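Input: a single structure, listed below in C-alpha cells.
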Amino acid sequence: MEQSFPLKLVSTTAGRGYAASRDLRKGEVVLRVAPVSAVLHDDMVESHCSRCLQPFLGLAPAPCRCGGARFCRGCRRAPFAQAEHRAECRALAKLRDGATRRRLGLRGLKRKGKLRGHDREATSMLRLAVRLLARRRRSLRQEAPVPLLGDKDGAWLPEEDVVHDSWRDVEALAPAEDELDAMVETLQPDRAYQLEGGANAVRLLVTAAREEIYHLLCRLAFNAMALVPEEPLRAGQGRWRDTGIGLYPTGAMLNHSCSPTCLWFMRGGILVVETQKSVKRGQELTVAYLPTTGTCEVRRKRLRKAFGFTCQCRRCCAESRPKESARASRNFLVSFDKGSSAAEVLQWKRLAARRDAALTREEKQDVKVTQAEYCGEEARQGFQSNRRTRAALVREGQGSLRFGA
-2 MEQSFPLKLV STTAGRGYAA SRDLRKGEVV LRVAPVSAVL HDDMVESHCS
48 RCLQPFLGLA PAPCRCGGAR FCRGCRRAPF AQAEHRAECR ALAKLRDGAT
98 RRRLGLRGLK RKGKLRGHDR EATSMLRLAV RLLARRRRSL RQEAPVPLLG
148 DKDGAWLPEE DVVHDSWRDV EALAPAEDEL DAMVETLQPD RAYQLEGGAN
198 AVRLLVTAAR EEIYHLLCRL AFNAMALVPE EPLRAGQGRW RDTGIGLYPT
248 GAMLNHSCSP TCLWFMRGGI LVVETQKSVK RGQELTVAYL PTTGTCEVRR
298 KRLRKAFGFT CQCRRCCAES RPKESARASR NFLVSFDKGS SAAEVLQWKR
348 LAARRDAALT REEKQDVKVT QAEYCGEEAR QGFQSNRRTR AALVREGQGS
398 LRFGA
C-alpha cells in the first residue's frame, strides 16, 4: 500500500508539500481526503443535506427547528448526525435571530429565510468555526470523533483510500502559535482587523476562549477550501457557484502554482486531487489557490491580498524576467534618446514597440480556464475577503463585525 501510494510529503522552498512518489499519468487520482468539517453556504441549505452535503432527490425535507439545517432521510435517522447537529443547533438559531444579526453587523433575512447578498460567505465561515470548535471539544474530552459524511463507523479501513484527518492534523496546520502574528502581518490590514472581529463574532454564538477562536480563524483563512462541484468541472463549464467550504488538513498542504500539475474538486464531500498532466517521479504536486488568468502582476496581487505571499512559481518567474528586460530596454531608450540621431531613436522605438506587442500577445493567449476558476475565491476567503466585506471598528469584547457589499 505504501509503495503504491502516489505521493509523499517533502520539504520545498514554500514549506511542506507533496511530490510524486512514482511516475503519474494524466487524470490519475493522487489523493482523497474526508473533511474534518464542512458546511454549506446558506443558499444551498434548501437543496442539499447539511450532513452528507448531497443534493436532495425530489422534495426537500423540512428544516430543523433552528431553521439553519436540513437533512436527508439517511442522515436524519443517523445518531452521529444528530450528535453533531446538537452541538451547533443553538448557534445556528442565534444566526437567524434579528438582535444577534444586528450585533454581528449582518443584514436581515428575507421572508423565505435566505440571506441577502454577500452575507452567505460571512455566515458560512462562522458556522464552520462553530462546527470545528465542537469537534475540538470532543477531541479534548477524548471522545470518539463524529463519523464524517456517510461513514457509519467513522473508522479508517485498510482497503480504504480516503484520508481521515484528526484534530491533531488541524493543529499541525499553519500558522503555528509562535508564528501567528508574523503570518497575519503579511495580510492586508483590513483583513487582519476582520479576523479580530470574527473572533468576537463567534463568541456571540458559542462559549470558547477568544484566543482559541482567533487562532482557528487564522488557520481557516489560510487553509479552508471551497466545495467545488465535480460535474461542471467535468463538463468544461467556465464558472459556477461552489456549495460551501470545508477544512481538509491533508489536502491543505498542497502548495500553489500558477501552472499547477493537479486540479481538485469535491465528490460527495470528499476532496479529490487529480493530475491534469503527466508528472515525473519526484516532481512537486501543486494546485492553483486562486484564478491563474491575467498577467504575473495581477496573479501575484491576488495571492498577496488573500494569502500574504508573493508567488515564485516557475511560470511567474519566467513571465517577470522578460518584463524586467522590457523595462530596461525602455529605460535605455530614454537615455539613448538624448545623444543619438533621429533615425537611431526611431529604430529603437520600433524595436521596443514590437517587444511590448509580443508580451501582450503572450498574456492574452494565457487565458485558459484552469482549476482555480472553479475553486470559489469568494468562499475560500470567507468573511475575511476584502472584496466582499468591509470591517468596521472592532472593539475588544464587543463582538461587532460589520459586513458590507
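Residue numbering for the sequence shown follows my numbering, starting at -2 and increasing by one per position. Idealized CB from N, CA, C, for every residue including glycine. Note that the coordinates shown come from a computational prediction; the quantities given were computed from them, not determined experimentally.
Every unbroken stretch of the alpha helix (DSSP H) spanning 4 or more residues and falling wholly within the region 33 to 91 is given here in chain order: 70 to 74. Residue 278 carries a coil assignment under DSSP once its states are collapsed to helix, strand and coil.
Residue 223 is classed as buried because its beta carbon has at least 16 other beta carbons within 10 Å across all chains shown.
Around the beta carbon of residue 203, 16 or more other beta carbons lie within 10 angstroms, which makes this residue buried. Rounded to whole angstroms, the Cβ separation of residue 33 and residue 129 is 7 Å, and the two are in contact under 8 Å. Note that the C-beta distance between residue 201 and residue 120 is not below 8 Å. Counting only the Cα atoms, residue 27 lies some 8 Å from residue 2. Each of 78, 219 and 13 was checked against the Cα of residue 143, and the nearest Cα belongs to 78. Taken through DSSP and simplified to helix, strand or coil, residue 170 comes out as coil.
Residue 169 and residue 245 have their C-alpha atoms some 12 Å from each other. Of all alpha-carbon atoms in 305, 249, 85 and 299, the one lying nearest the alpha-carbon of residue 184 is that of 305. Only buried fits residue 36, as 16 or more other CB atoms lie within 10 angstroms of its CB. Taking residue 19 as the centre and dropping the five residues before and after it, the same chain places the C-beta of 278 closer than 6 Å to its C-beta, in chain order. Per DSSP, the continuous alpha helix (DSSP H) segment holding residue 217 begins and ends at 207 to 220. When the five nearest sequence neighbours on each side are left out, the beta carbons in the same chain lying within less than 6 Å of the beta carbon of residue 124 are those of 36, in order along the chain.
Under the DSSP assignment, residue 102 falls outside any beta strand (DSSP E); it carries neither an H nor an E label. Comparing alpha-carbon positions, the option among 64, 70 and 248 lying closest to residue 55 turns out to be 70.
In the three-state reduction of the DSSP assignment, residue 259 falls in the strand class, which pools E and B.
For residue 182, the enclosing alpha helix (DSSP H) starts and ends at 177 to 182.
Residue 312 and residue 9 have their C-alpha atoms some 17 Å from each other.
When the alpha-carbon of residue 314 is set against those of 293, 300 and 217, the nearest one is in 293.
Counting only the Cα atoms, residue 177 lies some 32 Å from residue 272.
Sorting 300, 194 and 229 by C-alpha distance to the C-alpha of residue 212 places 194 at the top. Secondary-structure assignment with DSSP links residue 283 through a beta bridge to 252. In the same chain as residue 266, and ignoring 5 residues on each side of it, the C-beta atoms closer than 7 Å to its own belong to 32, 35, 49, 50 and 146, in chain order. Annotated three-state conformation of residue 25 is coil, per DSSP.
In this structure residue 44 is in contact with residue 57, their Cβ atoms being roughly 6 Å apart against a cut-off of 8 Å. By the neighbour-count definition (other C-beta atoms within 10 Å, threshold 16), residue 239 is a buried residue. The three-state secondary structure of residue 127, taken from DSSP, is helix. Rounded to the nearest angstrom, the Cβ distance from residue 160 to residue 290 is 31 Å, too far for a contact under 8 Å.
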